[in-house]
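Trainee: I have a structure I would like to understand better, so I am pasting it below and will then ask my questions one at a time.
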Ligand code: BGC
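In this note's numbering, the protein residues as written are 22 to 758.
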């Protein structure tokens, strides 16, 4: 009897202990996150700590199985959810449940200048990530557009730090509402693909703070990003993934970042720096993972065995390790261990509609003479569509952003679907560019091989174009090497594959020629004066064809504006005139300093092909006079500008009203003007809205590298309101006192 009592008592004790264990602080989501982090940390062994700061597979890092702390799963990013890859290889795994909606490229999102659409984008892609049970989305990308040759510009948000800052914040919030972390990339100064692992960027502090960092700062401080990805390149001779200045001094100490720093894949090169300089999670160190080097290469990552050895030998302490573990745990509590996160959804009609809406609003009408567009289907019998990009799938290829899309509507199919039997739509290829169509095992299924000679293809195109009521040439760049693609830069500004010649010939045989340029970069357009209408189409994702058709026939009134300057020629861009691109002997000097994009063109009075902020509509807008609520602003105060904008045309449309600030007298050279606010307003025909902008002294400040401070100097300023950087409608002076 006594023994039975004793056993029951022991059992009770054990149960009580067990239920205490269940109430462990780190598992209790009613407890503050920092308490949970410390509690989990205190329970972990050295080996468990080492394990969670580096990858276990291509896209995952281990949890702490003993403690029920889950693994972390990452996915590219930034335009859709990357298909599942093999544990240890880049090759897709061949799952049949991982096809996604391809959203438009981030250049297109930036061109909408619509923060609500950025939120919608983030929410939608975040839902897809969540449904695929991912914890971290590797995106968005916000490296500044320094040169039109950067092969990855299509993954970024343009040349202006203010526009990129405004557009990145809602995307992050939208993603993170799903319990999925946005991992903002590539921090920082990753502005070219040439020598991307070795190039050392030399940039002055003023350009760093005024041009290259603001979007990252906004992502951290306003967007509340839970993760950030270090860049491949070097700065001050240290890799971006273990860079003391960027990661410790600026990101942590100046900005107070409390998320996790994730390396770019294969971006870690030095164990001691990886320990000391702010990296939390190491990924992709050997491209072949387990299969190269030792039996288990993941154990040989810098933050694995080599780290453990250094600790064991007493050469480094565990203070840095604990800090890394804290950051990784915090990321885990916010994502994988967040019990309140939604389930997500994938491939839904809502996501398709979001992709289409963003595409329609991001398409930019660059030129439209004699009302060539929209195409009036009541007066059109025959539409000729010419060009490879009218049929080529663009969601496959281009590097890590490559997708396995549920579907992709081509421009030609989009036109055919929309036009129906109202007109005949005929097609000719015109040129053969890139007939391939696969990326890491994902294939488009298109057979684009065509053995005809350029002469034969041109002849056919001209014949088809000749008697059409309107010709739509769909060309531009594609996702192959040296075009809009990761891992290499473009070799020049020109369109590839004799497209310039073909466009000129088409213009000769048919005056009603519309050129649709599909690209993520500016291209030269030597035929600009010979063509009445030009549309900037971007990489638009699943809904490419339907969005383009909407704009071309006028169901949607274009309202996108350029997020970067189109220079006439390469030398008009500052990186290629006084700067360096792509640098030499492992060094690139950003000699142009703060004068990037329109800041340079305006300083040098160089006429662009199309200016930053440019974009037309099928309606017209009239701007009234700009007024200010006061003439004098004090440093602690605010100033509000107002301007009336009227839709003077016959259809509803949206205008992006832009506010630039000019410092009329300054102790340091400043750009002629800089974007400091914008608003997108939708107006019915005849309708007028008053648009207001409120600024504070941050809109007037420059970064003083000597004192390491933002300075707003008292004196005279001017506020310029316009429809683009080149089309200022009115301006008003004010004083900072
Ligand atoms: C790219 C990153 C990407 C990562 C994982 C790298 O090569 O630079 O942008 O997220 O691979 O695919």
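For glycine and all other residues, C-beta sits at the position ideal for the given N, C-alpha and C.
As the structure is a computational prediction, the values presented were derived from the model and not from experiment.
1) Note down the Cα distance separating residue 86 from residue 306, rounded to an integer number of angstroms.
2) Return yes when the C-beta of residue 105 is under 8 Å from any heavy atom of ligand 1, and no when it is not.
3) In angstroms, rounded to a whole number, what distance separates the CA positions of residue 531 and residue 438?
4) If you follow the alpha helix (DSSP H) that residue 144 is in, where does it begin and where does it stop?
5) Is the distance from the Cβ of residue 250 to the Cβ of residue 394 below 9 Å?
6) From residue 381 to residue 755, what distance separates their C-alpha atoms?
7) Under 8 Å: does the beta carbon of residue 500 sit that close to some heavy atom of ligand 1?
8) Looking at C-beta atoms only, is the number of pairs between the region 414 to 424 and the region 485 to 504 that lie closer than 8 Å three or more?
9) Going by DSSP, which residues form a beta bridge with residue 467?
10) Does ligand 1 have even one heavy atom less than 8 Å from the beta-carbon of residue 195?
11) How would you write the range of the beta strand (DSSP E) that residue 610 sits in, first residue to last?
12) Run through the DSSP bridge pairs and tell me what residue 329 is partnered with.
13) Could you give the C-beta distance for residue 8 and residue 699, rounded to a whole number, given that I count them as a contact under 8 Å?
14) Buried or exposed: which applies to residue 255, given that a residue is buried once 16 or more other Cβ atoms fall within 10 Å of its Cβ?
15) Look up residue 621 in the DSSP assignment and say whether it is helix, strand or coil.
16) Residue 690 and residue 619 - do their beta-carbons sit closer together than 9 Å?
17) State the Cα-Cα distance for the pair residue 392 and residue 574, rounded to the nearest angstrom.
18) Buried or exposed for residue 66, going by 16 or more other Cβ atoms inside 10 Å?
19) Name the DSSP beta bridge partners of residue 405, please?
20) Hey, would you say residue 702 sits closer than 9 Å to residue 732, going by beta carbons?
21) Anyone know if the C-beta pair for residue 450 and residue 412 falls short of 9 Å?
22) So, using beta-carbon positions, are residue 121 and residue 379 closer together than 9 Å?
23) Going along the chain, which residues of its own chain have a beta-carbon closer than 6 Å to the beta-carbon of residue 473, five neighbours each way excluded?
24) Check residue 317 in the structure and name its three-state DSSP category.
25) Whole angstroms are fine: how far does the CA of residue 419 sit from the CA of residue 285?
26) If you pair each beta-carbon of the region 520 to 539 with each one of the region 98 to 105, do three or more pairs fall below 8 Å?
27) Is residue 215 helix, strand or coil by DSSP?
28) With a threshold of 8 Å, establish whether the CB of residue 177 neighbours any heavy atom of ligand 1.
29) Is it the case that the CB of residue 286 approaches a heavy atom of ligand 1 more closely than 8 Å?
30) Check whether the Cβ of residue 696 sits closer than 8 Å to any heavy atom of ligand 1, and report yes or no.
31) So, with DSSP's three-state summary, where would you put residue 237?
32) Would you say residue 75 touches ligand 1, meaning its beta carbon is less than 8 Å from a heavy atom?
33) Residue 123 and residue 563: beta carbons closer than 9 Å?
34) Whole-angstrom Cβ separation of residue 70 and residue 342, contact assumed at under 8 Å?
35) Hey, is residue 207 close to ligand 1, as in C-beta under 8 Å from one of its heavy atoms?
36) Is residue 496 near residue 555, with beta carbons less than 9 Å apart?
Mentor: Reading from the atomic positions:
1) Translated into the one-based positions of the chain shown, residue 86 becomes position 65. Translated into the one-based positions of the chain shown, residue 306 becomes position 285. Using only the alpha carbons, I get a separation of about 23 Å.
2) Residue 105 sits at position 84 when you count from the first residue of the chain shown. It does not: the Cβ of residue 105 is nowhere closer than 8 Å to a heavy atom of ligand 1.
3) Here residue 531 refers to the residue found at position 510 of the chain shown. Here residue 438 refers to the residue found at position 417 of the chain shown. If I take the Cα positions, the gap works out to 24 Å.
4) Sequence index remark: in the chain shown, residue 144 carries index 123 (1-based). Counting along the chain, the alpha helix (DSSP H) containing residue 144 begins and ends at 136 to 152.
5) Here residue 250 corresponds to residue number 229 of the chain shown, with the count starting at 1. Here residue 394 corresponds to residue number 373 of the chain shown, with the count starting at 1. Not closer than 9 Å, so no.
6) Here the question's residue 381 lines up with position 360 in the chain shown. Here the question's residue 755 lines up with position 734 in the chain shown. Residue 381 and residue 755: Cα-Cα distance of roughly 38 Å.
7) The sequence position of residue 500 within the chain shown is 479, counting from 1. It does not: the Cβ of residue 500 is nowhere closer than 8 Å to a heavy atom of ligand 1.
8) yes
9) Reading the chain shown from its first residue, position 446 is the one you call residue 467. According to DSSP, which records beta bridges pairwise, residue 467 is partnered with nothing at all.
10) Within the chain shown, numbered from 1, the residue matching residue 195 stands at position 174. It does not: the Cβ of residue 195 is nowhere closer than 8 Å to a heavy atom of ligand 1.
11) Counting from 1 along the chain shown, the entry for residue 610 is found at position 589. Looking at the DSSP string, the run of the beta strand (DSSP E) that includes residue 610 is 608 to 610.
12) On the chain shown, residue 329 is found 308 positions in, with the first residue counted as 1. Answer is none; residue 329 lacks a bridge partner.
13) Past the edges of the chain, shown from 22 to 758, lies residue 8, and the structure says nothing about it.
14) As a position in the chain shown, residue 255 is number 234, starting the count at 1. Result: buried.
15) Along the chain shown, read from residue 1 onward, the residue named residue 621 stands at position 600. If DSSP states are grouped into helix, strand and coil, residue 621 belongs with the helices.
16) Locating residue 619 in the chain shown gives position 598, where the first residue counts as 1. Locating residue 690 in the chain shown gives position 669, where the first residue counts as 1. Cβ atoms of residue 619 and residue 690: not closer than 9 Å.
17) Along the chain shown, read from residue 1 onward, the residue named residue 392 stands at position 371. Along the chain shown, read from residue 1 onward, the residue named residue 574 stands at position 553. When only Cα atoms are considered, residue 392 and residue 574 end up about 12 Å apart.
18) Start at 1 with the first residue of the chain shown, and residue 66 comes out as number 45. When all chains shown are included, residue 66 counts as exposed.
19) Residue 405 sits at position 384 when you count from the first residue of the chain shown. Answer by DSSP bridge pairing, in chain order: 447, 492.
20) In the chain shown, the residue the question calls residue 702 occupies position 681. In the chain shown, the residue the question calls residue 732 occupies position 711. Cβ distance not < 9 Å, so residue 702 and residue 732 don't count as in contact.
21) Translated into the one-based positions of the chain shown, residue 450 becomes position 429. Translated into the one-based positions of the chain shown, residue 412 becomes position 391. In contact: residue 450 and residue 412 (Cβ atoms closer than 9 Å).
22) As a first step, residue 121 is located in the chain shown; it is residue number 100 there, counting from the start. As a first step, residue 379 is located in the chain shown; it is residue number 358 there, counting from the start. Taking 9 Å as the Cβ cut-off, residue 121 and residue 379 do not qualify as a contacting pair.
23) As a working mapping, residue 473 is identified with position 452 in the chain shown. Hits under 6 Å: none found.
24) For the purposes of this step, residue 317 is taken as the residue at position 296 of the chain shown. In the structure shown, residue 317 falls within a coil segment according to DSSP collapsed to helix, strand and coil.
25) Against the chain shown, residue 285 aligns to sequence position 264. Against the chain shown, residue 419 aligns to sequence position 398. Taking the straight line from one Cα to the other gives about 17 Å.
26) no
27) Looking up residue 215 in the chain shown gives position 194. Residue 215 falls in the coil class under three-state DSSP.
28) Sequence index remark: in the chain shown, residue 177 carries index 156 (1-based). The answer is no for residue 177.
29) Position 265 of the chain shown, counted from the start, is the residue given in the question as residue 286. It does: the Cβ of residue 286 is within 8 Å (strictly closer) of some heavy atom of ligand 1.
30) Here the question's residue 696 lines up with position 675 in the chain shown. The answer is no for residue 696.
31) Within the chain shown, the letter at position 216 stands for residue 237. DSSP places residue 237 in the helix class (H, G or I) of the three-state scheme.
32) Within the chain shown, residue 75 is the residue found at index 54, counting from 1. No; taking the cut-off as 8 Å, the Cβ of residue 75 has no heavy atom of ligand 1 nearer than that.
33) If you number the chain shown from 1, residue 123 lands on position 102. If you number the chain shown from 1, residue 563 lands on position 542. Yes, Cβ-Cβ distance for residue 123 and residue 563 is below 9 Å.
34) Counting from one through the chain shown, the residue named residue 70 turns up at place 49. Counting from one through the chain shown, the residue named residue 342 turns up at place 321. With a Cβ gap of about 5 Å, residue 70 and residue 342 count as contacting.
35) In the chain shown, residue 207 corresponds to position 186, counting from 1. For ligand 1, at least one heavy atom lies less than 8 Å from the Cβ of residue 207.
36) Within the chain shown, residue 496 is the residue found at index 475, counting from 1. Within the chain shown, residue 555 is the residue found at index 534, counting from 1. Result no, Cβ atoms of residue 496 and residue 555 do not sit closer than 9 Å.
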